[in-house]
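Enquirer:
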Amino acid sequence: MKNIVILISGGGSNMAAIVREAQRGNWRETLDARVAAVISNRADAGGLALAREQKIAAEVVDHKGFESREAFDAALADAVDRHQPALVVLAGFMRILTPAFVGRYAGRLLNIHPSLLPAFPGLHTHRRAIEAGCRVAGATVHLVTPELDHGPILAQAAVPVLPGDSEETLAARVLTQEHLLYPRAIAGLLRTV
Ligand code: GAR
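For the sequence shown, UniProt numbering gives the first residue as 1, with consecutive numbering after it.
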C-alpha cells in the first residue's frame, strides 16, 4: 500500500478534495494508495477536524515549539516518516522547508501553488496577477526543490481573470480548479512511484 501524507497549515480544502477523490476513485483498489495522515504546523488548522471526521490520523507539529527551521523540519520529518509515505503532499502548507527536508523526499514531495508558475512565485499571487493586468491566472502542481516554487511542473489549470475581479473572487475561481487538478496530478504520480 502506498501511503500519502498531506501537510497543511489552514482550512485544508485541497486536502479534503484529495481525500474525497481518493475515496470516490477508490484509490486503495485502483492505485494501491491511501491518505495515511494529515500533519499541520498549526493546532488551529481547520483541516485537522476534516481529516479526523474521515478517520485519518491528524497530527500537529507546531513550528513555534522549535528554535530553528532545521529543528522543526527534523521533527516534521520524524512525524512524516512514521507513516512511511510514498508521496508527501503540501496542501496550503505555509512554511519554507529546509534543503535537508526537501532532499529527503526528492521526487516524491509535491506542492500546489496558486499561480501559473513560473509567474508569481511567493505570496499574494492573485493580487499580483490582477495588478499586472493578466487575462489568465491559475494553479500549478510541481515537485518541490530547494528553491521556493521552482520545481518541475507536473500539471496546471488556467482560469480567466474577469473585469472587476478582486483578489477574493479570483482566488475562489482558482481554488475550484485546484480541487480538480491536485487529485488528478497525485493519481498520475502514484502510477509511477
Ligand atoms: C491554496 O490556494 C494553495 O494553492 C495555497 O494556499 C491555499 C490553501 O488552501 N498555497 C500556497 O499559497 C502555497 N504557497 P486550502 O488550505 O483550503 O487547501
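Where a beta carbon is used, it is the ideal one built from N, C-alpha and C, also for glycine.
Please tell me whether F101 and D73 are closer than 7 angstroms, where the distance is taken between their beta carbons.
Expert: yes
Enquirer: What three-state label does DSSP hand S115 in the structure shown?
Expert: coil
Enquirer: Taking 6 angstroms as the cut-off, does the CB of G151 come closer than this to any heavy atom belonging to the ligand GAR?
Expert: no
Enquirer: Could you tell me whether the stretch 63–82 touches the stretch 18–34, where touching means 3 or more Cβ pairs closer than 8 angstroms?
Expert: no
Enquirer: What's the C-alpha gap between G151 and A106?
Expert: 10 angstroms
Enquirer: Keeping to the same chain, check which residues put their C-beta closer than 7 angstroms to that of T145; ignore five residues upstream and five downstream.
Expert: V102 and G151, listed in sequence order.
Enquirer: Which residue comes first and which comes last in the beta strand (DSSP E) that contains V88?
Expert: P85 to L90
Enquirer: For V80, I'd like the list of residues in its chain whose CB is within less than 7 angstroms of its CB, leaving aside the five on either flank, ordered along the chain.
Expert: V5, I39 and V88
Enquirer: Pick from G133, T125, E59 and L117: whose alpha carbon is nearest that of R82?
Expert: Nearest option by C-alpha distance: E59.
Enquirer: Using DSSP with H/G/I as helix, E/B as strand and the rest coil, what is S40?
Expert: When secondary structure is reduced to three states using DSSP, S40 falls in the strand class.
Enquirer: Can you check whether the CB of F120 is closer than 7 angstroms to the CB of R127?
Expert: Their beta carbons are not under 7 angstroms apart, which means R127 does not touch F120 by this criterion.
Enquirer: Rounded C-beta distance between S9 and R52? I'm assuming under 8 angstroms.
Expert: That belief does not hold up - the Cβ atoms of S9 and R52 are roughly 17 angstroms apart, past 8 angstroms.
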